[in-house]
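Report on one structure; see the data block that follows.
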Amino acid sequence: MVSPSDLTDPAPAPAVARAKTSGPPSGDELPRIVPRRNVGRLLAAAVALSLFALLVESVVRNRAFQWDVVGGYFTSAAVLDGLLLTLWLTGVVMVLGFLLGIPLAVMRLSANPVLSTLSWGYVWVFRSTPLLVQLLLWFNIGALYPTLGLGVPFGPQFVTVKTVNLLGPALTAVIGLTLHEAAYAAEVVRGGILSVDAGQTEAAQALGIGRARALRRIVVPQAMRSIVPTAGNMLIGTLKGTSIVSVLAVHDLLYSVQLVYNQTYQVIPLLLVATLWYIAVTTVLSVGQFYVERHYARGATRALPPTPLQRLRVRLAAHRHSLRSLSNY
């Protein structure tokens, strides 16, 4: 006879035990995720570093560079005076160029066909002519116009001045570079204005805001995001382009270096001095351009682009994490 106790199944208890043991593993038993080793990337980095090390060694150990002479002239009075004139010329030309380029850009976008045509013609002429040719023409302006006067067209002149006494080498360089840069600044500003959606202007007009005020308070601040990168490139290009004024005997950085090596015949070291100064100033301007771009990026993106220091910290943290993962693997 079968007792009631024989009808019970003792198997569920071990099944429950198996279910408990076969459940998800605890946090200590989770498999670790190890990044895949990219052998090709490591080999490419090793080859690039080896070539870079060979290049640095060839530059440092080559006696023809005469690094002692470079160090001796790097902070000399003649070189620093030329550097200050280069910086002054760059700043003046950029400011005057944009002061002239902004009205030209507005004229180009004007509905007035006369203003638009005149602005287009100015940009066309000065962008089509090499800068050296423009400087030489301004330097020899006395051959075309011995005197300049102010008066009634085709009538008497009230004030006249001789161009020989008016335009010196430095003033000629400022005029030539400014007129040349104004043509490019006009296109930079025009491109920035056109990058702003037309709906912004329409919304301003719907609110009763005048065209000039809308351009100044609404369009231009948004256009700066497109203007600043190109304007930064123009600034760096103008810094290097000022070296061309050495043909007018303007004592900029390059001309000051040329005066020194014409006496000492140490051409390579003095050219390296000028090169290092150009690199140093360009680096400072590039850093400034980055932070200006970052400033005008506010509101356009949810998060500002990281600074180089922040990027370095993130990369170091990722590198430490990958090394820790490999060591625990």
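Residues 82 to 410 (the numbering used here) make up the sequence shown, in order. Just so it is clear, CB atoms sit at the ideal spot from N, CA and C, and this is done for glycine as well. Since this is a predicted model, take the numbers as computed values, not measurements.
Taking the alpha-carbon positions, what's the residue i to residue j distance?
i      : j      : result
Val277 : Gln303 : 7 Å
Val326 : Leu170 : 10 Å
Ile349 : Met188 : 47 Å
Leu260 : Phe207 : 7 Å
Ala398 : Ala263 : 46 Å
Trp148 : Val137 : 13 Å
Thr244 : Gln215 : 16 Å
Ile299 : Val269 : 18 Å
Arg405 : Val395 : 15 Å
Ala127 : Tyr336 : 41 Å
His376 : Pro387 : 12 Å
Leu168 : Ala279 : 38 Å
Ser197 : Gly232 : 27 Å
Ala186 : Asn314 : 18 Å
Gly104 : Ala134 : For Gly104, the pLDDT reaches just 49, beneath the cut-off of 50, and the residue's location in the model is therefore unreliable, although a value from the coordinates is still provided. One C-alpha to the other measures close to 55 Å.
Are there 16 or more other CB atoms within 10 angstroms of the CB of residue i, so buried, or fewer, so exposed?
i      : result
Arg271 : buried
Asp333 : buried
Ser403 : exposed
Phe235 : exposed
Ser191 : exposed
Phe239 : exposed
Thr156 : exposed
Gly172 : exposed
Thr241 : exposed
Val140 : exposed
Gly121 : exposed
Gly163 : buried
Since residue i and residue j are thought to touch, with beta carbons under 8 Å apart, how far apart are those beta carbons, to the nearest angstrom?
i      : j      : result
Gly178 : Ala266 : 5 Å
Val331 : Leu213 : That belief does not hold up - the Cβ atoms of Val331 and Leu213 are roughly 13 Å apart, past 8 Å.
Ile256 : Trp219 : 6 Å
Judging by CA-CA distance, which residue of the options is the nearest neighbour of residue i?
i      : options                           : result
Met175 : Leu353, Asp333 and Gly318         : Gly318
Ile222 : Gly249, Leu334 and Leu352         : Gly249
Ala251 : Ala361, Thr323 and Phe371         : Thr323
Thr356 : Ser157, Val338 and Ala158         : Val338
Phe26  : Asn143, Ala312, Phe133 and Arg122 : This structure does not reach residue 26, given that the chain is present from 82 up to 410, and the question cannot be answered.
Val309 : Ala254, Arg118, Val150 and Glu374 : Glu374
Gly273 : Arg297, Gly230 and Leu164         : Arg297
Tell me whether residue i sits in a helix, a strand or coil according to DSSP, three-state version.
i      : result
Leu288 : coil
Gly232 : strand
Arg396 : helix
Ala96  : Bear in mind that a pLDDT of 45 at Ala96, under 50, signals an unreliable position, so the number given afterwards is only what the model happens to contain. Three-state DSSP puts Ala96 in a helix.
Val242 : strand
Arg379 : strand
Arg401 : helix
Gly249 : coil
Thr156 : coil
Leu216 : helix
Leu124 : helix
Thr388 : coil
Leu357 : helix
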